[in-house]
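Working notes, beginning with the structure itself.
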Amino acid sequence: MPNIKHRNPKEIMTLSRLGSFYQSKLSFLRSFIREFKDWEFNKDLFDLDENGYGTAVYSVKKDRRAYSLVCFANKLNSADRSDRVIATKWDAAFVLHDGVPTKDDIARLKENVPKQEVGRVSFKELTLSRANKSVRIFEHTVDALASGKQPDEKFIKDVGYLYRTTAVYGSGKFGLADRYRIKERSEICGPFRLEMMLVYLVRQFTFDQVNHIAKSRNPTKAVRLSDSIARNLGIGNSTGLGMAPFIVNHPTLLHNWIYSREDALKQIRSIEKVEIKDFNKFKECFKKSKLNINTWKTDSEYQINKINILVKDLEVFEKNYLSDFKFKADFLWNELYLWIEKELTEEGIEYIVSMLMEPYDSIVNPLIEKMSSEEDLYFDIPGERLVGDLKSIIKNNYSNILEIDFNSSKEITNFWFISKNKEEPRLANRYEEEGSELEQPLAIARDVSKLFQRLNDYQPSKTIAEFLMANNDLRHAVRRCFIIEKFPYSEIQDNTIGSELVPIDMLRLKLSFFGAQKFDPRSDKWLRINMYQGAPLINELKNTDDTWVYNRL
Amino acid sequence: MRTSSEIETTSKRATKAAGFPWGIAEEVGKNIKNLELLSISGVENLSLYLELAKGIEIFGPKEISAENSIAPNSFCPFYTGSALLDSANKVEKIKSLTLHSINFPILLIPFINRLSDRIGKKIKLQIDEHTFLLNLNKFISTNSNLKGLIIDRAKIVKIEIQENEDSFQSKVWDQLYELSTETFVEETDRLKENAAGAGLADND
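One line per chain: the protein sequences are A and B, in this order.
Numbering-wise (numbering that gives the first Met the number 0), the first sequence opens with residue 0 and increments by one.
Numbering-wise (numbering that gives the first Met the number 0), the second sequence opens with residue 0 and increments by one.
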């Protein structure tokens with residue numbers, strides 16, 4: 000019987016490893032579809048003019064619960080179209096309303112939702128977003144449909160969506176309902192469910208809008224977008240640094256996400272007798288997924304290199320492991336895992352780890368319910384603990400970090416700050432830019448290292464309460480140390496301000512848990528992704544197969 | 000209406016901007032959110048205190064004891080509240096302690112409420128003439144109208160740990176219990192033998 004343990008957080012929580020994560024059955028897009036597939040989806044209002052501008056409402060209902068997406072599509076001059084967060088106008092703006100909106104609600108939302116950050120919504124609204132057209136694809140699709148043809152599949156495949164969102168807000172922002180108002184709802188089984196619902200409904204709106212405009216342009220000749228093309232269009236998303244602080248600021252939530260993945264892997268590796276049907280499902284998903292890599296387009300050298308490494312890894316796996324594989328049920332997954340760990344890079348390992356979950360709903364589904372966190376429960380510092388305890392915690396959990404020399408300027412090159420004009424996180428070089436005195440507390444490695452040194456001045460028998468009375472400047476770091484003691488995957492085990500930091504690694508970690516695909520870095524600080532590409536259309540939801548993520552044009 | 004999330008984030012950032020460390024600012028953010036959820040004027044007290052704090056030297060206790068004073072100065076509610084919360088075990092042992100002169104003591108309330116939860120006992124908090132009973136970070140009862148209450152400085156703040164004891168006399172309890180037994184069924188020998196699922200003896 001092999002001794003199978005959870006993987007070591009010090010190896011898994013490095014930025015290069017986290018930046019190699021892929022979507023899996025644990026991802027929120029996929030769990031949303033599984034959990035809401037038997038809900039009733041309707042288009043309740045579609046009041047658009049011939050150019051596609053106007054208001055639409057979509058609802059999602061079950062029993063006494065209803066959620067409604069309210070969409071506002073507006074004319075936008077090309078000069079105003081920008082994916083950056085500094086934009087003030089968009090092609091469309093969306094809000095997810097709790098229940099069925101009244102006429103007054105819609106009038107109120109029409110005044111505020113298109114303004115996004117400078118508008119104001121209420122506790123009756125749950126998530127807020129905006130999106131811009133991919134002008135090339137949108138116009139091509141409308142033109143083709145209006146002339147009675149389907150759009151060019153190859154052309155569409157290169158982009159993969161009609162619209163891309165530039166932000167999706169929730170949890171109390173701009174007046175939206177706080178999380179405590181909805182967290183007890185039985186259908187909210189994990190994080191970001193309502194954000195995922197909004198994006199799914201926005202996708203449907205984009206299809207309905209192109210069909211409507213095409214029909215308006217040419218009522219006699221226009222055809223509807225075929226289901227097979229629509230199914231393989233997702234919603235794009237431009238994501239910047241806003242996501243990076245999130246994973247630092249929510250340590251127990253981060254732990255729960257990573258722990259779920261690690262626990263799934265441990266349980267799968269521990270299966271003593273693997274059934275051949277499960278092995279075949281793994282192989283089938285692996286083969287289908289490989290085809291998708293060919294449609295992964297990016298101009299980013301960094302990402303092209305990562306894709307090449309992945310492709311090479313998967314070829315090695317197929318050639319050296321799968322091709323002459325003799326099925327032997329005993330601890331098959333564990334043997335496979337040990338092989339990939341030895342032979343492949345982080346890209347290949349994490350890709351296959353995601354794939355290993357595919358046959359196992361029974362393992363994955365119970366973990367999904369544990370992916371949220373009540374962070375306030377772990378906020379208080381146990382002041383009665385001793386300085387000696389805290390030193391041991393740091394030695395046990397942050398040993399890699401203690402090796403970094405934070406006296407070296409290259410290890411503290413960057414600082415995180417909040418921009419005054421958009422209240423969004425940013426990263427800058429502290430030796431070249433002003434403002435490092437307003438640094439955000441996101442350099443956990445540096446601060447824990449400083450804490451460890453400061454603790455050396457105190458007797459191990461002193462209490463943390465006594466230590467903090469003179470050292471409250473390190474209170475935030477003390478808190479995190481007591482969190483990591485209980486939640487070993489709560490901390491990035493790397494330097495988040497060093498000169499070699501690649502911030503998009505932090506974004507990719509979060510986006511992989513969202514279920515995003517086709518990461519397309521546009522710089523080292525922002526990237527584009529695709530969500531719901533291949534997902535079932537609303538009329539197909541009830542009979543959907545959870546492996547839709549591997550369907551492609 | 001501002002959301003709890005906005006109140007927490009803005010309070011945290013404002014506290015940092017006024018010169019407090021991030022770890023203290025995190026505490027304050029959560030506390031102000033909790034005060035506002037209880038309709039106590041957290042935002043207003045905070046805003047006034049941060050204005051004051053920018054211009055004065057800030058003092059917290061060097062240690063926690065039964066009598067605490069830094070005369071002629073006044074305690075900061077954040078450093079004092081954090082120190083009390085961190086020293087929960089010690090406060091529980093001391094049972095009753097006094098703080099002489101503290102700025103904006105309303106801002107101390109959520110720390111003491113969390114302290115009550117940590118210790119697992121109710122705490123009576125006296126801020127000059129205002130009395131509060133804090134119950135395990137869940138409820139606050141008081142003799143004062145808290146809506147809009149701003150106190151810029153308290154001369155005396157008393158913290159008394161309430162032992163977990165009944166608020167009623169045992170005679171009253173006995174009467175109530177007696178009444179509750181009228182929902183019970185008198186057991187016959189047959190019921191004694193059959194209704195519990197086991198026999199009369201356990202000598203197996």
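Even for Gly, the Cβ is constructed at its ideal location relative to N, Cα and C.
Every value quoted in this text rests on a predicted model; they were computed, and no experiment measured them.
Given that residue i touches chain A, what residues does it touch there, using C-beta distances under 9 Å?
i	result
L84(B)	D379, I380, G382 and A464
R152(B)	Chain A residues near R152(B): none, gap ~22 Å exceeds 9 Å.
Excluding the 5 residues flanking residue i on each side, which residues of the same chain have their C-beta closer than 8 Å to its C-beta?
i	result
N111(A)	G118, R119 and V120
F173(A)	Q115, E116, G118, R119, V120 and L127
F326(A)	I275 and F278
K296(A)	D157, K517 and D519
E368(A)	C188 and G189
T561(A)	Residue numbering for chain A in the displayed model covers 0 to 552; residue 561(A) lies beyond these limits and cannot be assessed.
S46(B)	A13
V222(A)	L144, G147, K148, Q149 and A213
What is the DSSP secondary structure of residue i, reduced to helix, strand or coil?
i	result
F93(A)	strand
A194(B)	coil
A534(A)	coil
N205(B)	The structure shown does not extend to residue 205(B), since chain B is modelled only from 0 through 203, so no value can be given for it.
L113(A)	The question names Leu, but residue 113(A) in the sequence shown is Pro. Note: P113(A) maps to helix in three-state DSSP.
H211(A)	helix
N307(A)	helix
A153(B)	strand
S288(A)	helix
L44(A)	strand
F378(A)	coil
C480(A)	helix
Q561(A)	Because chain A spans 0 through 552 in this model, residue 561(A) falls outside it and cannot be assessed.
N529(A)	strand
A65(A)	strand
N44(B)	helix
Quick check: is the beta carbon of residue i nearer than 8 Å to any beta carbon in chain A?
i	result
S3(B)	yes
K94(B)	no
G54(B)	no
G80(B)	no
N72(B)	no
E25(B)	yes
R113(B)	yes
N88(B)	yes
R189(B)	no
Between residue i and chain B, is any beta-carbon pair separated by less than 8 Å?
i	result
D472(A)	yes
S227(A)	no
M12(A)	no
M242(A)	no
Y52(A)	no
D177(A)	yes
Is it true that the CB of residue j sits closer than 8 Å to the CB of residue i?
i	j	result
M196(A)	F31(A)	yes
L135(B)	F110(B)	no
N131(A)	D82(A)	yes
M356(A)	W256(A)	no
N399(A)	K4(A)	no
G233(A)	Y160(A)	yes
E271(A)	D329(A)	yes
R178(A)	S170(A)	yes
V477(A)	L376(A)	no
K121(B)	L132(B)	yes
Once the 5 residues before and after residue i are set aside, which same chain residues still bring their CB inside 7 Å of it?
i	result
S19(A)	E345, E346 and E349
A243(A)	P424, P502, M505 and L506
Just to make sure I have the definition right: I need the residues of chain A whose C-beta is within less than 7 Å of the C-beta of residue i. Which are they?
i	result
W21(B)	P440 and H475
Among residues of its own chain, excluding the 5 on either side of residue i, which ones have a beta-carbon nearer than 6 Å to its beta-carbon?
i	result
H99(B)	S68
G147(B)	S40
D97(A)	K123 and L125
E159(B)	S95 and K123
F466(A)	V386 and Y457
Which residues in chain B have a C-beta closer than 8 Å to the C-beta of residue i? List them in chain order.
i	result
D375(A)	K29
R478(A)	G22 and E25
Anything in chain B within Cβ reach of residue i, meaning under 7 Å, just list it in chain order.
i	result
S170(A)	S4
G174(A)	T2
Using a C-beta cutoff of 8 Å, does residue i count as contacting chain E?
i	result
P60(B)	In summary, chain E is missing from the structure at hand, where the protein chains are A and B.
Applying a beta-carbon distance threshold of less than 9 Å, which residues of chain B neighbour residue i?
i	result
L467(A)	G22, S81, A82 and D85
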